[in-house]
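Undergrad: Mapped onto the numbering used here, the consecutive letters of the sequence shown carry residue numbers 67 to 323. All residues carry an ideal CB built from backbone N, CA and C; glycine is no exception. Keep in mind the model is a prediction, meaning the values are calculated, not measured. Below you'll find the structure I mean.
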Amino acid sequence: MPTVPSILGFGAIAIDDIVYVDQPLSAGKGKVLQSARAFGGNVATALAAVVRLGGTAGFAGWLGSAADDAVLRDLVASGVETAFAPRHPDARPVRSRITVGSDGERFIAYDDDAMLGTAPDFPDDILSRATVLIVDSYAIRSLDVVARARDLGLAILGDIEWSSGPATERLIALCDHLILPLGFARTATGCRSPAEMLDALWLPSRSAVVLTDGGRGVYYRGREETGLWHLPPHRIVVVDSTGAGDCFHGAYAHALT
Numbered sequence: 067m068p069t070v071p072s073i074l075g076f077g078a079i080a081i082d083d084i085v086y087v088d089q090p091l092s093a094g095k096g097k098v099l100q101s102a103r104a105f106g107g108n109v110a111t112a113l114a115a116v117v118r119l120g121g122t123a124g125f126a127g128w129l130g131s132a133a134d135d136a137v138l139r140d141l142v143a144s145g146v147e148t149a150f151a152p153r154h155p156d157a158r159p160v161r162s163r164i165t166v167g168s169d170g171e172r173f174i175a176y177d178d179d180a181m182l183g184t185a186p187d188f189p190d191d192i193l194s195r196a197t198v199l200i201v202d203s204y205a206i207r208s209l210d211v212v213a214r215a216r217d218l219g220l221a222i223l224g225d226i227e228w229s230s231g232p233a234t235e236r237l238i239a240l241c242d243h244l245i246l247p248l249g250f251a252r253t254a255t256g257c258r259s260p261a262e263m264l265d266a267l268w269l270p271s272r273s274a275v276v277l278t279d280g281g282r283g284v285y286y287r288g289r290e291e292t293g294l295w296h297l298p299p300h301r302i303v304v305v306d307s308t309g310a311g312d313c314f315h316g317a318y319a320h321a322l323t
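Encoded structure:
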């Protein structure tokens, strides 16, 4: 059996059909410049970023049982360990259609009627050998596994983008490194300023709360701080923002190891 990677993750794994157009999305219509198919998903992309940064990462969510499964092959090609992922013949990826405008912004339409999360009996002896567990909003389907991982001492990094009610509230409470898009944090808390959102999301059990705000950078509160930190982004020319946040989550997780 392979060595358990430092970073495990389960959640969305996707096949993305991407269309690039010659106008910004706000124009309402535009000419197709290029079409492409890519593998993505919040957690899968974050794990691939970990590997590219020199870390070790493993996907621990449901995968199809066929040896020639396209998603499985892509994870392996990206250097992500798949030996510990539970298999099921009905498992399939989220399917997404993404339109990318000339300004680099994108709109994602997705079908997530799929097996997500992980096996309810995912082994403690595997979890206990990892350092970090990355989860996304779909981890509401495997809350007991997230809770066990936390009890075993793993840092739980939560990339939460939407709410499904009380289950999401429990998931958010389990995350000691909570990373939310600013827009969702505003909806979840009802607060208007980043400082108010950070205060509302803070718990004594947290290590950090991070609010991502695209081209405006991130807002942060850590365990040793009571105030707001703002980290502006590096100045770049945006070509395609698809997966940018997921790469940030992977880099953050790698920094915890």
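Who are the near neighbours of V70 in its chain, counting only those whose CB is closer than 6 Å to its CB and skipping five residues on each side?
TA: For V70, where only same-chain residues beyond five positions count, the Cβ hits under 6 Å are I192, R195 and A196.
Undergrad: Report all residues from its chain with a CB closer than 8 Å to the CB of L99; omit the five preceding and five following residues, and keep chain order.
TA: For L99, where only same-chain residues beyond five positions count, the Cβ hits under 8 Å are Y86, V87 and D88.
Undergrad: Of all the alpha helix (DSSP H) runs that stay within the bounds of the region 240-299, which reach a length of 4 or more residues?
TA: Counting whole runs of 4 or more residues, the region 240-299 contains the alpha helix (DSSP H) stretches 248-255 and 260-267.
Undergrad: Are the beta-carbon atoms of D242 and S273 separated by less than 9 Å?
TA: Contact: yes.
Undergrad: With DSSP as the reference, please indicate the residues paired to F125 in a beta bridge.
TA: In the DSSP output, where bridge partners are listed per residue, F125 has G75.
Undergrad: According to DSSP, simplified to helix, strand and coil, what is S101?
TA: DSSP places S101 in strand when its eight states are reduced to three.
Undergrad: For H315 versus I238, is the C-beta spacing smaller than 9 Å?
TA: No, they are not a contact pair.
Undergrad: Which residues share a DSSP beta bridge with R118?
TA: None; R118 has no bridge partner.
Undergrad: Helix, strand or coil for D225? Go by DSSP, reduced to three states.
TA: Strand.
Undergrad: Tell me which same chain residues have a C-beta within less than 8 Å of the C-beta of S230, skipping the five on either side of it?
TA: Cβ neighbours of S230 beyond the five flanking positions: S203 and I206.
Undergrad: In the DSSP output, which residue or residues are listed as bridge partners for S162?
TA: D82 and Y176.
Undergrad: Since I200 sits in a beta bridge, which residues does DSSP pair it with?
TA: Answer is G75 and L223, bridged to I200.
Undergrad: So, helix, strand or coil for E235, using DSSP?
TA: The answer is helix: DSSP assigns E235 an H, G or I state.
Undergrad: Measuring only the C-alpha atoms, how far is V142 from L246?
TA: So the two alpha carbons sit approximately 28 Å from each other.
Undergrad: Should P298 be labelled buried (16 or more other beta-carbon atoms within 10 Å of its own) or exposed?
TA: So P298 counts as exposed.
Undergrad: Label L182 either buried or exposed according to how many other C-beta atoms from any shown protein chain fall within 10 Å of its C-beta, with 16 as the threshold for buried.
TA: Buried is the call here.
Undergrad: Roughly how many angstroms lie between the CA atoms of A221 and L119, to the nearest whole one?
TA: Straight-line Cα distance between these residues: approximately 19 Å.
Undergrad: Answer yes or no: do V304 and G281 have a C-beta to C-beta separation smaller than 9 Å?
TA: For V304 and G281, yes; Cβs fall inside 9 Å.
Undergrad: Which residues share a DSSP beta bridge with R153?
TA: L129, per the DSSP bridge assignment.
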